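*Asks:* Protein chains in written order, with the working numbering: chain F, 1 to 231; chain G, 1001 to 1231.
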DNA sequence: CGCTAAGGATTGTTGAACAACTCGACAAGA
DNA sequence: TCTTGTCGAGTTGTTCAACAATCCTTAGCG
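(1) Name the one or two DSSP bridge partners that residue 39 of chain F has.
(2) Please report the straight-line C-alpha distance between residue 1029 of chain G and residue 213 of chain F, rounded to a whole angstrom.
(3) Check the DSSP bridge columns for residue 1078 of chain G and list the partner residues they point to.
(4) Kindly indicate if chain F contains any beta-carbon less than 9 angstroms away from that of residue 1095 of chain G.
(5) From the DSSP output, in three-state form, read off residue 174 of chain F for me.
(6) Any C-beta of chain G sitting closer than 9 angstroms to the C-beta of residue 86 of chain F?
(7) Give the C-beta separation of residue 1073 of chain G and residue 1171 of chain G to the nearest angstrom, bearing in mind that I take them to be a contact with Cβ-Cβ under 8 angstroms.
(8) Using three-state DSSP, classify residue 1150 of chain G as helix, strand or coil.
(9) Can the beta-carbon of residue 138 of chain F be found closer than 9 angstroms to that of residue 183 of chain F?
(10) Take residue 63 of chain F and list the residues in its own chain whose beta-carbon comes closer than 8 angstroms to its own, dropping the five residues that flank it on each side.
(11) Under 9 angstroms, Cβ to Cβ, is there at least one residue of chain F near residue 1103 of chain G?
(12) Taking beta-carbon pairs under 7 angstroms, can you tell me which members of the stretch 1160–1193 of chain G lie near chain F?
(13) Would you identify the three-state DSSP class for residue 68 of chain F, choosing helix, strand or coil?
(14) For a cutoff of 9 angstroms on Cβ pairs, would you count residue 106 of chain F as touching chain G?
(15) Can residue 219 of chain F and residue 154 of chain F be called in contact, C-beta distance under 9 angstroms?
(16) Can you pull the chain F residues whose beta carbon is under 9 angstroms from the beta carbon of residue 1145 of chain G, in chain order?
(17) Which class does residue 1157 of chain G belong to by DSSP, given the choice of helix, strand or coil?
(18) Answer with buried or exposed for residue 1156 of chain G, where buried requires no fewer than 16 other C-beta atoms within 10 angstroms of its C-beta.
(19) Please check if any C-beta of chain F sits within less than 9 angstroms of the C-beta of residue 1241 of chain G.
(20) Using a cut-off of 8 angstroms between C-beta atoms, extract the partners of residue 22 of chain F located in chain G.
(21) Using beta carbons (cut-off 9 angstroms, strictly below), is residue 1076 of chain G in contact with chain F?
(22) Report all residues from its chain with a CB closer than 7 angstroms to the CB of residue 1118 of chain G; omit the five preceding and five following residues, and keep chain order.
(23) Just how far apart, CA to CA, sit residue 1196 of chain G and residue 136 of chain F?
(24) Within a Cβ cutoff of 6 angstroms, which residues of the same chain sit near residue 179 of chain F, ignoring the five residues on either side of it in sequence?
(25) Please report the distance separating the alpha-carbon of residue 1100 of chain G from that of residue 206 of chain F.
(26) So if I threshold CB-CB distances at 9 angstroms, which residues from the stretch 53–68 of chain F count as touching chain G?
(27) Classify residue 58 of chain F: buried if its beta carbon has 16 or more other beta carbons within 10 angstroms, exposed otherwise.
(28) Say the cut is 8 angstroms; is the CB of residue 1023 of chain G nearer than that to a heavy atom of the ligand GDP?
(29) Residue 251 of chain F touches chain G at which residues, Cβ-Cβ below 8 angstroms?
(30) Grouping DSSP H, G and I as helix and E and B as strand, with all else coil, what is residue 88 of chain F?
(31) Out of G:1223, G:1190 and G:1177, which has the shortest C-alpha to C-alpha gap to residue 1041 of chain G?
(32) If you follow the alpha helix (DSSP H) that residue 1206 of chain G is in, where does it begin and where does it stop?
(33) From residue 104 of chain F to residue 1140 of chain G, what distance separates their C-alpha atoms?
Spelled out as structure tokens, the structure:
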């Protein structure tokens, strides 16, 4: 687990790097990490003065970082009330899966033209997930699974779609944390990823598209079942 | 003596105060409009002090607006050098059309489940384009055409995809301005929009998808031909 | 001709100040 | 009791001035 003091130290160190980016972006990276790791739970208010003091940066700089994360939908900005870690509604989850179906299915439909490098990264993600599953490390399975789907999207060969997918997966992390039992959520899909990979390697774009469609339908249902009661 | 108009006006005024957004967002709206309309040409540097003075706002607030537009890819941020109106490369244009093919084709594929309200807005955009074309108002044709494609995307029933499309079309405006002859670019598609609409109304999702695919291919080619020489 | 150093311009970041707004607590009145 | 008005503490919104960091140009030098 991250703790604030470690973070301050690493931040101070990072700032001495030569290729450094703006402080606002560094802070955004830091906060993003905390949010998708679940350190700051959805609904938590992030107080400007408090965080600015802790990170030893000015409020103005912090506000720039907030803007960035707001645009990524990880933070919610309520005017004159503050910024809060985004709370996703069931409708948000449904929408995210709508987008996934559009972007990911379009990707696998182009299996036939898949570049070797892309195939390799997909394969690697599948293998990583299997390895992690064998070791009962379900958090790692989740990470590998994200990489798998991110790799699928690169079949589209579109930098913009890649970025959209990155943001989408980060947003989904806000939901994953409500899963009490990550194993039950991730386990079924380890084998499915392998099967989907086989279809892609065979150049069966149409079949892969159909397979992925029901794959995503089921994932969405599982997530919504676990999510609705609490929300 | 009070009269009814005074009351209405004061209420309207109060409403604008209540609904008003932050200064940064207002400024972002203003700058976005200028960029989209081509007032500030691609490549133009936007000086912080100069614009902040002109708009009578602080540099900090202006920088927040810059961030917003940077995230929409209308501005390019070069660290320690300033912000510039984005200059799209041919590769950018190709990528934008890749995204369009994914998002728009997925939309029309669902023609069969099209809600009446969506069909109506698509129809309206087609009619507007035809009307504007008849009056030789090619700028209006372009606007109607944008609305047409934006309406197509709503077939996906996804707010996130709607927003992506809005940003995408705004970004494309950066390119449209290089077209010396807007008529030659827009004219061929007025009739095509009508034909595509017919396929959608008939629920021919598959056919509509194929039709739109080649439609977009051709539009991309036309744009790239006009763009490459200058770029 | 190429390299370096200095200077000017612009952005990056800070800290403080004040205005605007939210929200809860409490009092006054129906 | 319920509603309404008022107050005050706390937070965000915005501005301002200052200085540091960086880039670009140009002048001087070998």
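Beta carbons are placed, not taken as given, at the ideal position from N, Cα and C, and that holds for glycine. Note that the coordinates shown come from a computational prediction; the quantities given were computed from them, not determined experimentally.
*Replies:* Let me spell this out:
(1) Here residue 39 of chain F refers to the residue found at position 39 of the first chain. Residue 39 of chain F has no beta-bridge partner at all, per DSSP.
(2) As a working mapping, residue 1029 of chain G is identified with position 29 in the second chain. As a working mapping, residue 213 of chain F is identified with position 213 in the first chain. Going by the C-alpha atoms only, they are around 38 angstroms apart.
(3) For the purposes of this step, residue 1078 of chain G is taken as residue 78 along the second chain, with counting starting at 1. Residue 1078 of chain G is bridged by DSSP to G:1082.
(4) In the second chain, residue 1095 of chain G corresponds to position 95, counting from 1. So, interface residue.
(5) Numbered from its first residue, the first chain carries residue 174 of chain F at position 174. In the structure shown, residue 174 of chain F sits in a helix (DSSP, three-state: H, G or I).
(6) As a position in the first chain, residue 86 of chain F is number 86, starting the count at 1. Using a Cβ-Cβ cut-off of 9 angstroms, residue 86 of chain F does not count as an interface residue toward chain G, since no Cβ of chain G sits closer than that to its own.
(7) On the second chain, position 73 is the one that residue 1073 of chain G refers to. On the second chain, position 171 is the one that residue 1171 of chain G refers to. Right, their Cβ atoms sit about 5 angstroms apart.
(8) To locate residue 1150 of chain G, count along the second chain from 1; it is residue 150. Residue state for residue 1150 of chain G is assigned as helix, using DSSP reduced to three classes.
(9) The sequence position of residue 138 of chain F within the first chain is 138, counting from 1. The sequence position of residue 183 of chain F within the first chain is 183, counting from 1. Cβ atoms of residue 138 of chain F and residue 183 of chain F: closer than 9 angstroms.
(10) For the purposes of this step, residue 63 of chain F is identified with residue 63 of the first chain, where counting begins at 1. 48.
(11) Translated into the one-based positions of the second chain, residue 1103 of chain G becomes position 103. With 9 angstroms as the cut-off, residue 1103 of chain G counts as an interface residue toward chain F.
(12) So the list reads 1160, 1161 and 1164, given in the order they occur along the chain.
(13) Translated into the one-based positions of the first chain, residue 68 of chain F becomes position 68. Helix.
(14) What you label residue 106 of chain F is simply residue 106 of the first chain in a count that begins at 1. It does: the Cβ of residue 106 of chain F has a partner Cβ on chain G nearer than 9 angstroms.
(15) Residue 219 of chain F sits at position 219 when you count from the first residue of the first chain. Residue 154 of chain F sits at position 154 when you count from the first residue of the first chain. With a cutoff of 9 angstroms on beta-carbon distance, residue 219 of chain F and residue 154 of chain F are scored as not near each other.
(16) Taking the first residue of the second chain as 1, we reach residue 1145 of chain G at position 145. Here the premise fails: no neighbours, minimum Cβ distance about 21 angstroms.
(17) Your numbering for residue 1157 of chain G matches position 157 in the second chain. In the structure shown, residue 1157 of chain G sits in coil (DSSP, three-state: anything other than H, G, I, E or B).
(18) Position 156 of the second chain holds residue 1156 of chain G. By the neighbour-count criterion, in which a residue is buried when 16 or more other Cβ atoms sit within 10 angstroms of its Cβ, residue 1156 of chain G is buried.
(19) Residue 1241 of chain G lies beyond the stretch modelled for chain G, which goes from 1001 to 1231, so this question has no answer here.
(20) Numbered from 1 along the first chain, position 22 holds the residue referred to as residue 22 of chain F. Those are 1079, listed as they occur along chain G.
(21) Taking the second chain and counting its residues from 1, the one referred to as residue 1076 of chain G is at position 76. No, residue 1076 of chain G lies away from the interface with chain F (no Cβ there is under 9 angstroms from its Cβ).
(22) The sequence position of residue 1118 of chain G within the second chain is 118, counting from 1. Answer for residue 1118 of chain G: 1151, 1154 and 1155, listed in chain order.
(23) On the second chain, residue 1196 of chain G is found 196 positions in, with the first residue counted as 1. On the first chain, residue 136 of chain F is found 136 positions in, with the first residue counted as 1. Spanning the two alpha carbons is a distance of roughly 52 angstroms.
(24) Counting from 1 along the first chain, the entry for residue 179 of chain F is found at position 179. The beta carbon of residue 179 of chain F sits closer than 6 angstroms to those of 185 and 226, all from its chain and outside the five residues before and after it, given in chain order.
(25) Indexing the second chain from 1 puts residue 1100 of chain G at position 100. Indexing the first chain from 1 puts residue 206 of chain F at position 206. Going from the Cα of residue 1100 of chain G to the Cα of residue 206 of chain F covers about 20 angstroms.
(26) Against chain G - using a Cβ distance shorter than 9 angstroms - the residues of the stretch 53–68 of chain F are 60, 63, 64, 67 and 68.
(27) In the first chain, residue 58 of chain F corresponds to position 58, counting from 1. Residue 58 of chain F comes out exposed.
(28) The ligand GDP is not among the ligands present in this structure, which contains no ligands whatsoever.
(29) For residue 251 of chain F there is no data in the structure shown, the boundaries of chain F being 1 and 231.
(30) Against the first chain, residue 88 of chain F aligns to sequence position 88. Looking at residue 88 of chain F - three-state DSSP - the assignment turns out to be coil, as it is neither helix nor strand.
(31) Start at 1 with the first residue of the second chain, and residue 1041 of chain G comes out as number 41. With distances taken between Cα atoms, residue 1041 of chain G lies closest to G:1177.
(32) As a working note, residue 1206 of chain G is residue 206 in the second chain. Looking at the DSSP string, the run of the alpha helix (DSSP H) that includes residue 1206 of chain G is 1205–1227.
(33) The count along the first chain starts at 1 and reaches residue 104 of chain F at position 104. The count along the second chain starts at 1 and reaches residue 1140 of chain G at position 140. Note on geometry: alpha-carbon atoms of residue 104 of chain F and residue 1140 of chain G lie some 35 angstroms from one another.
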